[in-house]
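Quick note on numbering: this note's numbering labels position 124 of the sequence shown as 127, and the sequence is numbered without any gaps. Below: the structure, in C-alpha cells.
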Amino acid sequence: MRIIKITPSISALLFILMLSGCKTNRIRNNERVGRWVEYDTIDGKIYKSVGRFRDGIGKGTHRQFSDKKLVREEKYKNDICHTIYYYDNGKIMTEGNTKMVVTDEEIHWFYNGDWKFYDENGQLLGIRTYENGNVINEIEIQQ
C-alpha cells in the first residue's frame, strides 16, 4: 500500500479549488445561476433567503429566515412553486402553489389552485382558490 503525503502547498491548492466551486450570487448572461444567499430588511426585520437558480429561474428548495426562524419555504418544479409560510412558532400559516407565466417582457408568478390558511395552532381556517392570481372561490371553515 502506498501512502501519499499531502504537503501544505497541496492542501492550500485543494482548499482554494474547493472554495472556487462554492461561489454564491453568480450572474451568467444577465441571469442568476447557482447558489444564492440574499439579505433584505422589511419593516426593520432582517430576512435571509437561500436558494439555487438555473437560467434565472428558481430550482429546488428555497428558504427564507428571520431571526434564524424559517419564515417561508418554496419548492420549485418546472413552472410550479409550492410555497409555505410559517408562524413564529413553526406552525404553517398558509400554503399553496404559484404558477410561472413567461412573456417577452417579464417572468411573473401567480397564485394558482387551492391555498390553505391556518391559525397559530395549526387549525384550518379556510381555503381560497386562485386562477392565475384571481380569487375564484373561498371557503371559510367553521370552528
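We put the CB at the ideal spot given by N, CA and C, even for glycine.
(message) Which residue marks the beginning of the beta strand (DSSP E) containing I142, and which one marks its end?
(response) If you number the sequence shown from 1, residue 142 lands on position 139. Its beta strand (DSSP E) spans residues 137-143.
(request) Can you grab the Cα-Cα spacing for the pair Q146 / L127, in whole Å? (result) By one-based count along the sequence shown, residue 146 stands at place 143. By one-based count along the sequence shown, residue 127 stands at place 124. Looking at the two C-alpha atoms, the distance is approximately 9 Å.
(message) Am I right that E123 and K94 are in contact with their C-beta atoms under 8 Å? What's the rounded C-beta distance?
(response) As a working mapping, residue 123 is identified with position 120 in the sequence shown. As a working mapping, residue 94 is identified with position 91 in the sequence shown. Yes, E123 and K94 are in contact; Cβ-Cβ is about 6 Å, under 8 Å.
(message) Spatial neighbours of G37 within its chain, please: C-beta separation below 6 Å, excluding the five flanking residues on both sides.
(response) Along the sequence shown, read from residue 1 onward, the residue named residue 37 stands at position 34. Here the set comprises R29.
(message) Let me confirm a value: T101 is counted as buried when at least 16 other C-beta atoms fall within 10 Å, else exposed. Which label applies?
(response) In the sequence shown, residue 101 corresponds to position 98, counting from 1. Result: buried.
(message) Which residues does DSSP list as the beta-bridge partners of D43?
(response) Mapped onto the sequence shown, residue 43 falls at position 40. For D43, which the question treats as bridged, DSSP gives the partners Y50.
(message) Which residue marks the beginning of the beta strand (DSSP E) containing Q67, and which one marks its end?
(response) Here residue 67 is taken as the residue at index 64 of the sequence shown, counted from 1. Unbroken beta strand (DSSP E) run through Q67: 60-69.
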